[in-house]
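Counting from 1 along the sequence shown, just add 11 to a position and that's the residue number in this note's numbering. Backbone N, C-alpha and C fix where the C-beta goes; we use that ideal spot for every residue, glycine too. Data block below; observations after.
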Amino acid sequence: MNQTTRREFLRDLGLSAAALPFVLNLPSLGFANQTVRKQRLVIMFSPNGVIPNAFWPEEEGEDFKLKESLSPLEPFKSKLLTLHGVCDKVRGDGDSHMRGIGCLLTGTELFPGNIQGGSDTPAGWSSGISIDQEIKNFLQADAARRTRFGSLEFGVMVPERADTWTRMSYSGPNKPIAPIDDPYQMFSKL
């Protein structure tokens with residue numbers, strides 16, 4: 012198996028975005044000859060933050076300029092939403108990192124559990140469904156909006172272990188969804 016550098020992966024990802032219109036017309040994916048395109052939601056998360064001056068737009072509203080880090084998303088700018096300064100002050104068990112990722116898309120506290128973080132109170136999985144899965148359920152309920160895969164969870168360098176730090180999508184309370192971080196495995200699935 013060929014090793015791909017991070018730079019090559021990001022370069023290929025940019026090419027993938029440019030090739031999106033062609034991919035959407037592949038008959039094997041069920042998108043070709045559709046009169047109405049299916050709705051999609053893409054959530055990107057960077058656990059170690061961003062370089063602020065290269066990421067966050069300076070302007071607010073619709074007339075903003077994408078900085079260097081987001082410039083590959085220029086074709087999708089009219090549909091792009093960047094959230095800055097969101098404060099998720101969920102309390103409860105676990106350390107702030109556990110609560111941060113476990114509650115990021117659910118907005119709920121973690122269940123008590125046995126995963127020990129950097130606090131005195133160990134924690135478990137999130138106690139609610141994540142917004143991406145809630146939206147998936149809503150869209151998949153209508154045959155006109157249904158897609159072959161209601162939801163695809165990608166990851167990059169996801170550790171082998173399964174714990175609160177490695178899961179952000181939940182199909183329901185105490186039901187984390189494991190991301191696929193092997194591009195070959197995801198390609199085979201598609």
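Take the alpha-carbon of R157 and the one of L52: they are about 13 Å apart. Listed in chain order, the non-local C-beta contacts of W67 below 8 Å within the same chain comprise V61, K78, T93 and H95, local neighbours out to five positions each way being set aside.
Taking a cut-off of 8 Å on C-beta distances, the stretch 120–127 does not touch the stretch 140–151, as fewer than three cross pairs fall below it. With respect to the 8 Å criterion, P187 and R178 are classified as neighbours on the basis of their beta carbons. Looking at the backbone, the Cα of L81 and that of E73 are separated by about 15 Å. DSSP places A155 outside any alpha helix (DSSP H), giving it a letter other than H or E. For the pair L121 and D143, the CB atoms are not nearer than the 8 Å cut-off. When beta bridges are read from the DSSP output, L121 appears opposite S137. Proximity to E71 across L91, P86 and P58 peaks at L91, based on C-alpha coordinates.
Checking the DSSP bridge columns, you'll see Y181 partnered with P187. Residue environment for I54: exposed (fewer than 16 other C-beta atoms within 10 angstroms of its C-beta). Take G139, set aside five residues on each side of it, and the residues of its chain with a beta-carbon closer than 6 Å to its own are T117, T119 and P184, in chain order.
DSSP, read as helix, strand or coil, puts F165 in strand.
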